[in-house]
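Worksheet: one structure, shown below.
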Amino acid sequence: MFRLWNQLTKPRVTVLVLATVLPGMYLGTTGYPRFSAILITLFGTYLMSSASFILNQYIERERDAIMYRTKQRPIPAGEISPTNALLLGIFVAIVAFVILTYFVNLLTAVCALSALLLYVFLYTIWLKPRTEQNIVIGGISGCIGPLIGYAAMANALPIQAWIMFLMIFLWTPAHFWALAIFLKDDYEFAGIPMMPVVSGIQKTVNQIFLYAIAYSVSVIGFYFVDDRMGYLFLLSAIVLTILILTFAFRLKQSMDKGLAKRFFFFSILHLFLVSIVIVIDSKI
Numbered sequence: 002m003f004r005l006w007n008q009l010t011k012p013r014v015t016v017l018v019l020a021t022v023l024p025g026m027y028l029g030t031t032g033y034p035r036f037s038a039i040l041i042t043l044f045g046t047y048l049m050s051s052a053s054f055i056l057n058q059y060i061e062r063e064r065d066a067i068m069y070r071t072k073q074r075p076i077p078a079g080e081i082s083p084t085n086a087l088l089l090g091i092f093v094a095i096v097a098f099v100i101l102t103y104f105v106n107l108l109t110a111v112c113a114l115s116a117l118l119l120y121v122f123l124y125t126i127w128l129k130p131r132t133e134q135n136i137v138i139g140g141i142s143g144c145i146g147p148l149i150g151y152a153a154m155a156n157a158l159p160i161q162a163w164i165m166f167l168m169i170f171l172w173t174p175a176h177f178w179a180l181a182i183f184l185k186d187d188y189e190f191a192g193i194p195m196m197p198v199v200s201g202i203q204k205t206v207n208q209i210f211l212y213a214i215a216y217s218v219s220v221i222g223f224y225f226v227d228d229r230m231g232y233l234f235l236l237s238a239i240v241l242t243i244l245i246l247t248f249a250f251r252l253k254q255s256m257d258k259g260l261a262k263r264f265f266f267f268s269i270l271h272l273f274l275v276s277i278v279i280v281i282d283s284k285i
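Going by my numbering, the first residue of the sequence shown is number 2, and it counts up by one from there.
Here you go:
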């Protein structure tokens, strides 16, 4: 049962979502957030994120069945029926919303539910099968972590929360297009119009590099919009920016699928480190 739950809910992806909630929580309060508040907010967010992935797999069950990377997922593999997966996803989403509303506040619950609705309806159902820009617009759902964190502590969404939202928005295309390069043949076989399939790898790596620049500007720019950020954040942001731009430039020059896969994983580490440095520097 535990293995089935993990396969349905993508816990490794959820960990990154939770990592983006924490900076919002630490910046959303003048002191330190209560440990109990952190736990309940992260737990509710974890459940809502899990529900979104369950519903995603329900919707994409037919495409998953023909893609090499996804054909062993629980629904196409017959480990859970589509109906039961749908009911489970809806149930978990309701539980998450109730927990966040009752134990945190309504704004936090609405932010988390918005992420689910955007991911399931805007990205999975509407954009993903229709346009190579699917992840640019649909990626909005993955940017809401800082809003959840801020809402949990301040019951408000100030400019700093939206700058962190923008930061993740600009991070998302480069991250997912790198994966799409590595899995180009799989996406093409399934008829999913990811950018490497529709426009080729050359255009994709150029776009990755441009988004890496924009993302880097937003990371360094955060130093100037939040006066709690000190030299620890600024120095870390500069070093991390140099690293990701160097990586993106190498990918642009080589167009190598193996390098694209490494960039995909490095971008995860990059966003995680940026989030952690924001948390640390906000309280020292």
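Here a beta-carbon is modelled for each residue, glycine too, at the ideal position from N, C-alpha and C.
Contacting residues, own chain, Cβ-Cβ under 6 Å from residue i (five flanking each side not counted)
i: GLY140; result: THR173
i: ASP227; result: GLN161
i: TYR216; result: LEU171 and TRP172
i: THR102; result: ALA110
i: LYS253; result: VAL206 and PHE210
Length of the line joining the Cα atoms of residue i and residue j
i: ILE126; j: LEU119; result: 10 Å
i: TYR69; j: ASP187; result: 7 Å
i: PHE170; j: MET230; result: 21 Å
i: ILE245; j: PRO77; result: 36 Å
i: SER37; j: MET256; result: 46 Å
i: GLY25; j: SER142; result: 16 Å
i: LEU48; j: ALA175; result: 27 Å
i: VAL22; j: ILE149; result: 6 Å
i: ALA152; j: ALA113; result: 10 Å
i: ILE285; j: ASP65; result: 46 Å
i: ILE55; j: LYS11; result: 9 Å
i: ILE136; j: TYR124; result: 7 Å
i: PRO130; j: GLY222; result: 34 Å
i: ALA97; j: LEU9; result: 16 Å
Integer-rounded CB distance, given that residue j should sit under 8 Å from residue i
i: LEU17; j: ILE269; result: 6 Å
i: PHE265; j: PHE183; result: 7 Å
i: ARG35; j: GLN58; result: That belief does not hold up - the Cβ atoms of ARG35 and GLN58 are roughly 34 Å apart, past 8 Å.
i: TYR27; j: VAL280; result: 5 Å
i: ALA116; j: SER51; result: Going by Cβ atoms, the distance from ALA116 to SER51 rounds to 12 Å, so no, they are not a contact pair.
Residue i versus the options, residue with shortest Cα-Cα distance
i: GLU133; options: MET196, PHE36, PHE248 and LEU89; result: MET196
i: LEU107; options: ALA157, GLY143 and GLY192; result: ALA157
i: THR247; options: LEU235, ILE279, LEU211 and VAL198; result: LEU211
i: LEU128; options: ARG35, PRO194, VAL218 and LYS204; result: PRO194
i: THR242; options: PHE177, LYS284 and MET168; result: MET168
i: SER219; options: ALA238, GLU189, PRO159 and TYR232; result: ALA238
i: VAL275; options: ALA249, LEU233, LYS262 and ALA261; result: LEU233
DSSP-derived helix/strand/coil call for residue i
i: ASN7; result: helix
i: GLU189; result: helix
Neighbour flag for residue i against chain C, beta carbons, 8 Å
i: PRO75; result: In the displayed structure, chain C is absent; only one protein chain is listed.
Contacting residues, own chain, Cβ-Cβ under 7 Å from residue i (five flanking each side not counted)
i: GLY90; result: ALA52, ILE55, LEU56 and TYR59
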